[in-house]
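So the protein sequences, as listed, match chains D and E. Start counting the first sequence at 14; every next residue gets the next number (the numbering used here). Start counting the second sequence at 16; every next residue gets the next number (the numbering used here). Quick reminder that beta carbons are idealized off the backbone N, C-alpha and C, glycines included. Scroll down for the structure; my scribbles are underneath it.
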Amino acid sequence: MNPASDVVARLSGAVKRYGSLTALDGVDLVLRRGELLAVLGPNGAGKSTSISLLLGLIRPDGGRAELFGMDPQQIDARRRIGVMLQSAMLPVTLRVGELLRLVSSYYPDPRPLEESAALAGVGDLLLRPYGKLSGGQQRRVQFALALCGRPELLFLDEPTVGMDIDSRRKLWAAMRALVAEGCSVVLTTHYLEEAEALAQRVVVMGKGRVLTEGSVDALRSHVPLTRIRCVTDLDAGLIAQWPNVATAEREGSRMHISTSAAENVLRRMLEADTSLSELEVQRAGLADAFTELTREDNLIEQEAA
Amino acid sequence: MNAVSIPATSSVATPKVMSTRRVFGAYLAEARSECLRYLRNPGFMLPIMLFPTMFYLLFGIVMAKHEGADVARYLLASYGVFGLMSPGLFGFGISLALERDGGLLTYKRALPMPPGAYLLGKMLMAMLAAAVVIVLLLIMSVTMAHVALTAQQAGMLLLTGVLGVLPFCALGMLVGTLIKGQGAPGLLNLVYLPMSFLSGLWVPMNQLPGALQQIAPIWPSYHLHRVALAALNMDQGPVMGDIAVLIGFALVCFFIAARRLRRVG
Numbered sequence: 014m015n016p017a018s019d020v021v022a023r024l025s026g027a028v029k030r031y032g033s034l035t036a037l038d039g040v041d042l043v044l045r046r047g048e049l050l051a052v053l054g055p056n057g058a059g060k061s062t063s064i065s066l067l068l069g070l071i072r073p074d075g076g077r078a079e080l081f082g083m084d085p086q087q088i089d090a091r092r093r094i095g096v097m098l099q100s101a102m103l104p105v106t107l108r109v110g111e112l113l114r115l116v117s118s119y120y121p122d123p124r125p126l127e128e129s130a131a132l133a134g135v136g137d138l139l140l141r142p143y144g145k146l147s148g149g150q151q152r153r154v155q156f157a158l159a160l161c162g163r164p165e166l167l168f169l170d171e172p173t174v175g176m177d178i179d180s181r182r183k184l185w186a187a188m189r190a191l192v193a194e195g196c197s198v199v200l201t202t203h204y205l206e207e208a209e210a211l212a213q214r215v216v217v218m219g220k221g222r223v224l225t226e227g228s229v230d231a232l233r234s235h236v237p238l239t240r241i242r243c244v245t246d247l248d249a250g251l252i253a254q255w256p257n258v259a260t261a262e263r264e265g266s267r268m269h270i271s272t273s274a275a276e277n278v279l280r281r282m283l284e285a286d287t288s289l290s291e292l293e294v295q296r297a298g299l300a301d302a303f304t305e306l307t308r309e310d311n312l313i314e315q316e317a318a
Numbered sequence: 016m017n018a019v020s021i022p023a024t025s026s027v028a029t030p031k032v033m034s035t036r037r038v039f040g041a042y043l044a045e046a047r048s049e050c051l052r053y054l055r056n057p058g059f060m061l062p063i064m065l066f067p068t069m070f071y072l073l074f075g076i077v078m079a080k081h082e083g084a085d086v087a088r089y090l091l092a093s094y095g096v097f098g099l100m101s102p103g104l105f106g107f108g109i110s111l112a113l114e115r116d117g118g119l120l121t122y123k124r125a126l127p128m129p130p131g132a133y134l135l136g137k138m139l140m141a142m143l144a145a146a147v148v149i150v151l152l153l154i155m156s157v158t159m160a161h162v163a164l165t166a167q168q169a170g171m172l173l174l175t176g177v178l179g180v181l182p183f184c185a186l187g188m189l190v191g192t193l194i195k196g197q198g199a200p201g202l203l204n205l206v207y208l209p210m211s212f213l214s215g216l217w218v219p220m221n222q223l224p225g226a227l228q229q230i231a232p233i234w235p236s237y238h239l240h241r242v243a244l245a246a247l248n249m250d251q252g253p254v255m256g257d258i259a260v261l262i263g264f265a266l267v268c269f270f271i272a273a274r275r276l277r278r279v280g
């Protein structure tokens, strides 16, 4: 298979400035067919700007944005994508079915209405006016609108904000099903467990740049720490001086330890305190890696480099 | 978790071509949605229908009872123009200002909506609302004020209304691109009400102070008023010049607004 034709969206060296503020400072991003890419980063990192460039809503001041090898402002490129934006006030007096019919009409080969509704779990809402729905229901309708055109590429900007756990899980399942169908997804989210559960690849952005990019596991390994929690009488100050222990803190009867060599530390602790109980061992999650990567001083170091 | 299933009929790998029939259907769907959403919104439709009809009832029918059908006929044209200005100015201007603010326009730009469908939809909605206003006034004038109208005169006034709303759509669009969000209604009223007065829609032209009579031709509503009077065979002399002014005004507003919309969004 030709690898070039496998790329569905690409930013190369994209620069975007708003006055004196540089929102994007040379961003490279490649999205391949059938891939779910999560874009993470604190507010102002450049996530939305990157998405806007790929949607053709704004033009880059430098570099290029491409959708299916075309300029994103070409309607033929956008006929192959579906979009769920963070804040779109849809007409409140239109019914869900009418909104679906309208957005479907923009696409050459849309899904049947019932199929789109069922995928997003809004089949029972078709006759309801959009404005009368709860926040979570509105998000599900927006998701239905994003997938109704049988897109090859979905842009989902913070899709699960305002959803309860059940709706969120249903949306995750729908996203997985779409990816299995061969659809690519670009997902921005604040919920790291969402990226962890769904994404094959994660891009972390900060201050208008890509800080790191890779699989969830690769990203986690940026922070090679494991947490140990237990109830013990051992002295925290003493443990903190053991080799490979990053921190050891006491909180009431509980001890919290971060270490890069959990096995050795544990062996030693169990030998020293036979009454040690309520032991928990956990690998650092994406959240830890993310916090580590986007810490202010880290960003400043990168800037200096 | 297993509630979701996708039929295996997907054809993701082959890019599809949008047929002309489907493009036309998209324009139609957009116009239909635009009309539906506003006709269902009483906050939009009621003022548009109530103001001109109440004014006409009061000044054109009740208070002009003893002045004869000619006054009622003259005021039919005046309040007709007054009434059709608001769907143009407000339907276009306020909705555009709010939708630029609320993100709907951004969303539509990200979607593969065919070019211009958004503006065309709003335009058709304003034309429909203008037609409703004119028909209401026509019914009132014939049944309550006993104005003798031929079918041709009624038809010409309706046509004047449906096409005459377009320059005001363009003006509303221009204001909607200059102002975002909640500021638009205030500014549009600041345009709408003085312009109606100054172009002789509330008080007949010859009763306005001389200076105001002199500058009246700068208002598009003045020219539309003359066209509406001519449609009812109230002799105004030739109105081709007025029509040309209205077309020119509409084009200038539209091009400035479209340019701004493309650049600023």
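Residue i - partner residues in DSSP beta bridges
{"i": "D/Ser271", "result": "D/Arg240, D/Thr260"}
{"i": "D/Asp170", "result": "D/Thr201"}
{"i": "E/Pro200", "result": "Bridge partners of E/Pro200: none, in fact."}
{"i": "D/Gln295", "result": "D/Arg240"}
{"i": "D/Thr369", "result": "The structure shown does not extend to residue 369 of chain D, since chain D is modelled only from 14 through 318, so no value can be given for it."}
{"i": "D/Gly75", "result": "D/Val28"}
{"i": "D/Thr35", "result": "D/Arg30"}
{"i": "D/Tyr142", "result": "Note that residue 142 of chain D is Pro in the sequence shown here, rather than Tyr. D/Pro142 is bridged to D/Arg108."}
{"i": "D/Met83", "result": "D/Leu80"}
{"i": "D/Ser290", "result": "D/Val244"}
{"i": "E/Gly136", "result": "None; E/Gly136 has no bridge partner."}
{"i": "D/Leu49", "result": "D/Val198"}
{"i": "D/Arg153", "result": "In DSSP, D/Arg153 forms no bridge with anything."}
{"i": "E/Val254", "result": "Paired residues: none, contrary to the question."}
{"i": "D/Gly148", "result": "DSSP, once it has assigned bridges, lists no residue as partnering D/Gly148."}
{"i": "D/Gly95", "result": "D/Leu167"}
{"i": "D/Asp192", "result": "Residue identity check: residue 192 of chain D is Val in the sequence provided, not Asp. In DSSP, D/Val192 forms no bridge with anything."}
Inter-residue Cα distance where the pair is residue i and residue j
{"i": "D/Thr225", "j": "E/Ala146", "result": "59 Å"}
{"i": "E/Pro235", "j": "D/Pro85", "result": "40 Å"}
{"i": "D/Pro104", "j": "D/Gly144", "result": "7 Å"}
{"i": "E/Gly136", "j": "E/Leu143", "result": "11 Å"}
{"i": "E/Leu51", "j": "E/Ile154", "result": "24 Å"}
{"i": "D/Thr304", "j": "D/Ser271", "result": "15 Å"}
{"i": "D/Met176", "j": "D/Lys183", "result": "10 Å"}
{"i": "E/Cys268", "j": "E/Tyr133", "result": "17 Å"}
{"i": "D/Ala318", "j": "E/Gly187", "result": "With a pLDDT of only 42 at D/Ala318, under the threshold of 50, the placement of this residue in the model should not be trusted; the figure read from the coordinates follows. Roughly 52 Å between the two C-alpha positions."}
{"i": "D/Gly54", "j": "D/Arg233", "result": "15 Å"}
{"i": "D/Gly195", "j": "E/Ser211", "result": "59 Å"}
{"i": "E/Ile76", "j": "E/Val150", "result": "16 Å"}
{"i": "D/Ala72", "j": "E/Phe39", "result": "Sequence inspection shows Arg at residue 72 of chain D; the Ala mentioned does not correspond to that position. D/Arg72 and E/Phe39: Cα-Cα distance of roughly 28 Å."}
{"i": "D/Ala131", "j": "E/Gly58", "result": "33 Å"}
{"i": "D/Ser65", "j": "E/Gly103", "result": "31 Å"}
{"i": "E/Phe183", "j": "D/Phe156", "result": "37 Å"}
{"i": "E/Asn221", "j": "E/Gln228", "result": "7 Å"}
{"i": "D/Asp41", "j": "D/Leu34", "result": "19 Å"}
{"i": "D/Ser147", "j": "E/Arg277", "result": "34 Å"}
{"i": "D/Glu276", "j": "D/Ala261", "result": "15 Å"}
{"i": "D/Arg152", "j": "D/Ser63", "result": "22 Å"}
{"i": "E/Leu119", "j": "E/Ala199", "result": "16 Å"}
{"i": "E/Leu174", "j": "E/Pro62", "result": "22 Å"}
Expected contact under 8 Å - CB spacing of residue i and residue j to nearest Å
{"i": "E/Ala44", "j": "E/Met249", "result": "No, E/Ala44 and E/Met249 are not in contact; Cβ-Cβ is about 41 Å, not under 8 Å."}
{"i": "D/Gly39", "j": "D/Val28", "result": "6 Å"}
{"i": "D/Val109", "j": "D/Val154", "result": "5 Å"}
{"i": "E/Leu99", "j": "E/Val180", "result": "5 Å"}
{"i": "E/Leu202", "j": "E/His240", "result": "Their Cβ separation, rounded to whole angstroms, is 23 Å, which puts E/Leu202 and E/His240 out of contact at 8 Å."}
{"i": "D/Leu160", "j": "D/Gly95", "result": "5 Å"}
{"i": "E/Tyr71", "j": "E/Tyr89", "result": "E/Tyr71 to E/Tyr89, Cβ: 11 Å. No contact."}
{"i": "D/Asp122", "j": "D/Arg163", "result": "6 Å"}
{"i": "E/Thr121", "j": "D/Leu70", "result": "6 Å"}
Spatially closest choice to residue i from the options, by CA coordinates
{"i": "E/Pro129", "options": "D/Tyr119, D/Ala297, D/Val109", "result": "D/Tyr119"}
{"i": "D/Val223", "options": "D/Val244, D/Ala51, D/Ala130", "result": "D/Ala51"}
{"i": "D/Gly59", "options": "D/Leu80, D/Arg30, D/Gln87", "result": "D/Arg30"}
{"i": "D/Ala274", "options": "D/Glu209, D/Leu238, D/Leu49, D/Gly69", "result": "D/Leu238"}
{"i": "E/Gln167", "options": "E/Ala125, E/Leu126, E/Leu247, E/Phe105", "result": "E/Leu247"}
{"i": "E/Gly256", "options": "E/Pro200, E/Tyr237, E/His81, E/Ala273", "result": "E/Tyr237"}
{"i": "D/Gln99", "options": "D/Leu158, D/Gly54, D/Glu171, D/Leu112", "result": "D/Glu171"}
{"i": "E/Leu178", "options": "E/Met60, E/Arg278, E/Ala259", "result": "E/Ala259"}
{"i": "E/Ala160", "options": "E/Ala265, E/Ala226, E/Gly83", "result": "E/Gly83"}
{"i": "D/Glu291", "options": "D/Leu251, D/Ala297, D/Arg242", "result": "D/Arg242"}
Check: residue i C-beta below 6 Å from any heavy atom of the ligand GTP
{"i": "E/Met188", "result": "In terms of ligand content, the structure shown is empty, and the ligand GTP therefore cannot be addressed."}
Per-residue contacts from residue i into chain A (C-beta, under 9 Å)
{"i": "E/Gly40", "result": "Annotation note: the requested chain A is absent from the structure, which comprises protein chains D and E."}
Kindly provide the ranges of any alpha helix (DSSP H) runs that are 4 or more residues long and lie completely inside the segment 149–227 of chain E, ordered along the chain. Whole alpha helix (DSSP H) segments, 4+ residues: 166–193, 198–213.
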